[in-house]
Structure formats: structure tokens, C-alpha cells
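Start counting the sequence shown at 0; every next residue gets the next number (numbering that gives the first Met the number 0).
Each residue gets a CB set at the ideal place from its N, CA and C atoms; glycine is no exception.
Nothing here was measured: the structure is a model prediction, and the numbers come from that model.
See below for the structure under consideration.
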Amino acid sequence: MDTGAREETWNDFRELVNMTPAGLEKWLESDDSQNAGQHQDGGESTGHASGRRIVAILRAEKGDLTDDDYRHMRKVVGYVRRHLAQRPSGDVRDSRWRYSLMNWGHDPLGG
Numbered sequence: 000m001d002t003g004a005r006e007e008t009w010n011d012f013r014e015l016v017n018m019t020p021a022g023l024e025k026w027l028e029s030d031d032s033q034n035a036g037q038h039q040d041g042g043e044s045t046g047h048a049s050g051r052r053i054v055a056i057l058r059a060e061k062g063d064l065t066d067d068d069y070r071h072m073r074k075v076v077g078y079v080r081r082h083l084a085q086r087p088s089g090d091v092r093d094s095r096w097r098y099s100l101m102n103w104g105h106d107p108l109g110g
């Protein structure tokens with residue numbers, strides 16, 4: 000991935016991931032987090048696994064991030080943007096929609 004693409008990815012990721020590493024880590028320990036999203040074969044949901052990876056990316060030094068990290072960051076940006084476009088009507092405070100987004104590091108109520 001070239002420098003320009005990395006910088007664009009970094010900026011988009013930092014704009015959309017509005018939860019702190021500690022806040023996201025605490026959220027991922029909750030039952031609401033672990034029950035949100037699609038689970039394959041009764042295991043961990045895709046979003047929950049992504050959340051753990053996001054914590055590691057947020058804690059890493061920018062210069063230590065790999066192309067694989069940047070690919071995951073692009074995946075996070077794409078997911079969050081698509082999911083935000085599907086916002087349900089009404090109060091989303093205790094919704095699976097919000098919980099799923101939070102697993103991906105974005106709290107639509109403000110991280």
C-alpha cells in the first residue's frame with residue numbers, strides 16, 4: 000500500500016473509530032457486545048474479533064502498522080460507513096445496530 004493510501008486510510012479510520020482502546024476493550028467484555036453481530040458456528044462474531052484487532056491497532060505506533068493492519072482499517076471504515084447509512088428510526092441507545100457498530104470501534108452516540 001503506497002504512502003498516500005496509507006494516509007487516507009489512517010485519517011478515515013481515526014475519524015470513524017471514536018472509542019478509546021480502553022473503552023472499546025471494556026465494551027468487548029460486556030454481554031451486549033458478545034451477543035451482537037453474526038456468529039459463525041457459535042463462536043465469536045466477526046465484529047467482536049474485529050474489535051479486538053482495532054484495540055491492538057489503536058495501541059500500536061503508526062510507524063509499526065503493517066499493510067495487513069491498513070487493510071483491516073479499510074475494512075473497518077467500509078463497515079462503519081455502510082452500517083451508519085442503515086440507521087434505524089427511533090432511539091438507538093440499546094439497539095443491536097448500535098452494539099454492532101461499537102464492536103467495530105464506533106459509538107454513534109459519541110464514543
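By the DSSP assignment, the alpha helix (DSSP H) with residue 88 in it spans what residues? From DSSP, residue 88 is part of no alpha helix (DSSP H); its letter is neither H nor E.
Sorted by chain position, which residues of the same chain lie with C-beta nearer than 6 Å to residue 20's C-beta, five sequence neighbours on each side aside? 54, 57, 58
Should residue 100 be labelled buried (16 or more other beta-carbon atoms within 10 Å of its own) or exposed? buried
Where residue 94 falls: helix, strand or coil (DSSP): Of the three classes helix, strand and coil, the one that applies to residue 94 here is coil, per DSSP.
Within the same chain, show all residues whose beta-carbon is closer than 6 Å to that of residue 0, passing over the 5 residues directly before and after it, in chain order. 66, 69
Where do the ends of the alpha helix (DSSP H) carrying residue 72 lie? Run containing residue 72: 66–83, per the alpha helix (DSSP H) assignment.
Suppose you measure from the CA of residue 63 to the CA of residue 22; what does that come to, to the nearest Å? 22 Å
Presumed contact (8 Å Cβ cut-off) between residue 46 and residue 102, rounded CB distance: Rounded, the Cβ-Cβ distance is 4 Å, consistent with contact.
Which listed residue (108, 78, 91, 96) has its alpha carbon closest to that of residue 12: 78
Three-state secondary structure (DSSP) of residue 29: coil
When we look at the beta-carbon of residue 15 and count the other beta-carbons within 10 Å, is it buried (16 or more) or exposed? buried
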